[in-house]
Structure formats: C-alpha cells, structure tokens
Amino acid sequence: MHRRSRVQGFCWLAGASGQELWRTVLYGTSTDPDGHWSLGFAVALDQSGDIVSAGSTNNAQTDEDFTVVKLGSADGHEVWRTVIDGTEHGLDRAFAITTDPAGDIVAVGDTTNAAFGEDILVVKLTGTDGREVWRRVIGPSPEARVVSHASSVAINPTGDVLVAGSVSDVEVHQTFTVLKLAGADGVELWRAEMGEGQAGVALDDDGDVIACGTVGEQFVVTKRSGTDGSELWTRMVGPGEGYTVSVRAGEQVFAGGRLTVPGNLATPGDPGNFVVVRLDGQTGNELWRTVIDGTFNGQPEGDWVNALAVDAAGDVVAVGRTVNVHTGVDFTVVKLPGATGEVGPSAVVTCSVDAECDDGDPCTVEHCIVGEGCISGLAQAPLECRSTSFARSLHDIIFRIRSVDARQLGGRNHARKLLALVVKARQRVRRDGRRHAPPSDRALERTGRLLAKFRIGIFVARQRRAMNFSLAQSLTEHLPCLFPECCPYVSVCAPPR
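Numbering-wise (the working numbering), the sequence shown opens with residue 52 and increments by one.
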C-alpha cells in the first residue's frame with residue numbers, strides 16, 4: 052500500500068447546520084509513495100448545483116497535470132474528469148474555474164511545454180461530459196523559455212472570458228496581465244499589462260473589468276474597459292499585494308489581500324496584515340478600508356485575505372489567515388458591513404489549525420512560531436521540541452515550493468535545486484533525530500549548511516529578478532534557526548532583497 056498525501060478532497064456540508072453530508076477524495080494514477088501531490092485550488096457550482104473543481108493530479112509518466120473534475124451534488128460521485136498534460140510532462144495546474152451562461156466550464160492555470168516553458172493555459176469544456184471545446188496557450192515569444200501563469204477567471208453575460216495572471220518576458224520580468232478571449236473560440240480580443248505578480252478579476256454590471264494585483268510591490272486595483280481594455284482608473288491601496296476582488300451592483304468594488312510595512316536593519320517591518328478595501332466603482336475613490344492584525348505580532352509570516360464574496364445585503368465576507376497567540380496560523384473568516392466596513396464584536400471567526408498550540412498546551416507562545424508548536428509534554432525538553440519544529444518548518448517550505456509556480460522560483464531547474472536542498476535537510480534532521488533524539492549538533496550543523504545554500508539560491512533568484520520579495524520572504528522566514536544566538540525556533544532574519 053502506498054502512502055498518499057496532499058490530495059484533492061471535497062466536503063459537502065448542510066447549509067443550516069454545517070453537518071458533513073459526504074466527502075470525496077481524488078487521486079492521480081501515480082504509484083510513487085511521495086508522488087501524491089494532487090491539489091484542489093478552486094471550486095464552483097454549475098447550473099444544476101453540481102460541483103466543478105480545478106486543480107492538479109499527479110499521474111504516472113506525466114507528473115503533475117492540469118485537472119478539472121465534476122462531482123454530483125447528491126453524493127459526491129465523480130461525473131467526469133478531464134486531465135491535460137503539457138508537452139514537457141512537468142507542472143500543469145488549474146488555479147481558477149467558472150461556468151458560462153450555457154453551462155459550459157472555463158478553467159485557467161498554467162502548463163509546461165517544451166517549446167515555450169510554462170505558459171498560461173485557458174480551456175473551455177462542455178458541462179455535460181468534460182469534452183474540450185477549445186484550448187488557448189498564452190506565453191511569450193518562442194525564443195523566451197520563461198513562464199506565465201493565470202490565477203483568476205470571469206465570464207461576461209455574452210460568454211466572453213476574462214483572465215488575470217502574469218506573463219514573463221525574455222528578461223523574466225513578470226507583468227500583471229488581464230486578457231479577454233472570445234467565448235466561442237478562445238481568440239484573444241485584447242490584452243492589458245502592468246506591474247508584476249498574480250491577480251484577481253471580476254466584472255461590473257456594464258461589462259467592464261475590475262482587477263487587482265501587485266505593481267512595484269504595491270497593492271493595486273484597476274478598472275479596464277470591457278470593450279478594448281483601456282484604463283478607466285487605477286488606485287494604489289498601499290505597500291503589499293492584491294489577491295482577490297469582488298463587485299456588487301456595479302458601484303461596489305471590494306478588494307482583499309495584505310498590506311505590509313517595510314522594515315530595515317534597525318526596525319523590523321510588518322510582513323502583512325489582513326485587509327479589505329471598498330472602492331467606488333465609477334471613480335475608484337476609496338470609501339473605507341479594514342485592516343486586521345493577528346494577536347501574535349512577533350510572528351513574521353503575516354496575515355492576508357485569500358478570497359471575498361458579497362451577500363445579497365451588500366455585506367462582504369473575507370476568508371484568509373491570521374496568526375494569533377497560542378493558536379498559531381488560523382483559518383480566518385470575517386464578515387463586514389458593506390456600508391462601513393466596521394469590525395463588530397462577532398465579525399471575526401478563527402479556526403485553529405495548530406491544535407498542539409491550543410490554550411491548554413503547556414508550551415509557551417514562543418513555541419508557536421510559524422504555527423509549529425511543540426508536542427504537548429515537551430516544554431521541558433527544548434532541544435527535542437526544537438528539532439520537532441525544524442522538521443515541521445522544513446515540511447512547510449517543501450509544500451510551499453511545490454505549491455507555487457516554478458517561474459516564481461527562478462524557473463523549473465532552479466526550483467528543483469531549491470526543493471532538493473530542503474528535502475535533504477529534512478531527511479537529515481529526521482534520520483539523525485531517530486538515532487539520537489534530539490538530533491546531534493553535527494547533524495544540525497550539516498543541516499545549517501544545506502539551508503545556507505538554500506538562502507543563497509533565494510538570493511540568486513532575487514538578483515536575477517526572477518522572484519518577488521514577498522515570495523522570498525515567505526520561504527526564508529520559515530527557515531529554522533540553528534544557532535543559539537538566534538531565536539531558538541525560527542530565524543527571523545530579513546529575506547534577501
């Protein structure tokens with residue numbers, strides 16, 4: 052029997068009580084014990100209430116493949132599955148999905164091709180059986196083996212497709228990109244480019260496009276003409292990153308992401324606070340903003356919004372993460388009144404994902420750095436607790452590397468080198484820990500050398516302008532500290548700029 056991990060799974064819950072009605076777990080065909088990295092990234096409902104999901108499955112011979120699955124709403128059975136592999140059998144993933152007025156499905160993501168590297172992939176499938184209607188691969192010029200990525204999709208009332216993401220040029224400079232494709236055949240109608248980074252996209256009542264993303268390490272929201280992509284307005288929210296946007300009744304624009312406070316050698320900055328902002332849809336003027344900071348302010352990882360939805364009353368619900376005392380990294384849901392954005396006494400709901408750091412655990416707050424608390428009962432054995440944190444922190448870095456685009460890590464080959472260093476470091480700590488419990492100083496010293504090489508790899512990617520600062524930060528701030536003069540659990544050294 053092979054161990055399975057990081058697979059796509061779905062729960063269908065009763066609306067009134069939240070009781071689980073059914074659960075479906077999806078696997079690829081890979082038989083590699085470490086090869087089950089199937090992931091679900093997006094979900095939507097079709098006109099009949101069935102579930103369509105976008106993600107990736109790990110399959111024999113083809114590695115990680117762009118996957119769209121339809122499940123029956125009654126019991127979660129698989130109705131159909133469409134799997135798309137790029138010509139290079141590399142990382143192919145679907146990151147967003149939606150349905151059109153006819154009930155067909157459009158999914159977007161990226162695909163690895165021998166000719167062009169990693170490219171944006173947009174595919175339209177029939178809703179009834181998942182047959183491919185059309186496919187568009189969008190990337191740079193043939194001589195530029197770099198990478199592009201799509202992160203969001205929307206469909207206007209006529210069935211045309213709006214895609215947001217980033218496209219890299221021959222110098223590996225990423226541009227925040229919005230594309231409009233004809234719904235009938237996928238032909239590109241227009242393209243608007245600015246800045247860098249991933250993006251969210253939505254449509255207003257007039258068919259114009261509202262997109263958010265990152266431009267020069269600034270959280271940006273922009274409105275583009277649905278007809279030709281020309282700029283109608285652009286607003287800088289502040290230092291940080293824009294991840295998601297939602298529009299209601301034309302005039303109400305809500306955007307979410309994270310705001311950062313830059314630091315320096317003398318004063319550490321704040322790597323991110325959970326933020327929702329409302330803008331006027333006609334002018335782009337800011338009407339209000341709500342910033343939520345987790346209670347664990349010493350945690351370098353930060354808080355952010357991943358997704359937004361607006362209900363029938365015009366109130367906004369935001370989901371993401373915050374980092375809090377005793378509970379570490381928490382799944383966070385916030386409901387805000389659309390008119391004011393004020394945080395009420397019951398507006399924020401958190402669900403701890405770090406049970407080992409709950410309020411009843413004897414571990415101190417310091418043990419909950421990066422949400423990697425020590426196992427109950429180990430508070431009096433700091434070395435053993437520290438080695439446990441090392442292995443878990445390294446596991447988080449591995450998952451992070453495997454979950455982002457190779458282009459964001461400096462390309463596929465560089466990403467593989469970074470991954471190999473961290474996997475080897477984790478194996479060394481675990482293997483030596485089983486023999487010595489806790490790991491010996493020699494093992495930690497060897498692990499430290501591997502992680503030093505990893506930091507150099509991050510620095511090289513930054514110097515080549517192939518990795519943005521926020522990703523470098525999210526990777527390096529997870530690095531466990533191996534030296535007594537540092538924090539005994541996690542390095543908080545600033546990432547290379």
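Where is the CB? At the ideal position from N, CA and C, for every residue including glycine.
Measure the beta-carbon distance from residue i to residue j and round it to whole angstroms, keeping in mind my assumption that it falls under 8 Å.
i	j	result
Ile148	Ser104	7 Å
Leu230	Ile189	7 Å
Phe325	Trp355	6 Å
Ala205	Leu172	About 17 Å; that fails the 8 Å criterion.
Thr295	Asn375	22 Å between Cβ atoms; not a contact.
Arg186	Leu232	Incorrect: roughly 11 Å between the Cβ atoms, too far for contact.
Arg286	Ala243	About 15 Å separates the two Cβ atoms, so there is no contact after all.
Given a threshold of 16 other Cβ atoms within 10 Å of its Cβ, counted over all protein chains shown, does residue i qualify as buried or as exposed?
i	result
Glu292	buried
Glu393	exposed
Thr108	buried
Val298	buried
Ser525	buried
Gly461	buried
Asp116	buried
Arg477	buried
Val174	buried
Thr209	exposed
Cys425	The predicted position of Cys425 is uncertain, since its pLDDT is 35 and thus under 50; no value can be drawn from it.
Glu169	buried
Ala369	buried
Ser203	buried
Thr383	buried
Val76	exposed
Val452	In the sequence under discussion, the amino acid at residue 452 is Ile, which differs from the Val named in the question. It is buried - the Cβ of Ile452 has at least 16 other Cβ atoms within 10 Å.
Ala457	buried
Gln459	buried
Gly422	Residue placement at Gly422 is flagged as unreliable, the pLDDT there being 36, under the threshold of 50; the coordinate-derived value follows with that caveat. Burial call: buried.
Asn336	exposed
Glu71	exposed
Ser454	exposed
Arg467	exposed
Ala571	Outside the displayed range of the chain (52 to 548) lies residue 571, so it cannot be described from this structure.
Gly345	buried
Gly371	buried
Asp256	exposed
Ala93	buried
Arg463	buried
Gly353	buried
Does the distance from the C-beta atom of residue i to that of residue j stay below 8 Å?
i	j	result
Val288	Val342	no
Val143	Asp136	A small fix is needed here, since residue 143 is Asp in this sequence, not Val. Contact flag set, yes.
Glu268	Phe520	yes
Gly277	Gly258	yes
Ala250	Ala215	yes
Thr265	Val272	no
Asp151	Val159	no
Gly106	Gly123	no
Leu310	Gly323	yes
Thr133	Leu176	yes
Phe146	Ala95	no
Asp211	Trp131	no
Gly154	Gln98	yes
Gly508	His465	yes
Thr373	Asp366	no
Val252	Leu213	yes
Ser89	Gly100	no
Glu139	Thr163	yes
Leu472	Ile449	no
Leu501	Lys475	yes
Gly389	Val361	yes
Please find out if some non-hydrogen atom of the ligand PLP comes closer than 7 Å to the beta-carbon of residue i.
i	result
Ala93	The ligand PLP is absent from the structure shown, which contains no ligands of any kind.
Do three or more CB pairs link the region 232-240 to the region 294-306 at distances below 8 Å?
no
At what residue ranges does the region 263-293 contain a whole run of the beta strand (DSSP E), taking only runs of 3 or more?
269-275
Which ranges would you report for the beta strand (DSSP E) in the region 69-122 if only whole runs of at least 3 residues count?
71-77, 90-96, 102-110 and 114-122
Threshold first: 3 residues or longer. Then list the beta strand (DSSP E) segments lying entirely within the region 324-364, N to C.
337-343 and 355-361
Please specify which runs of the alpha helix (DSSP H), each continuous and at least 4 residues long, are wholly inside the region 368-398, giving them in chain order.
none
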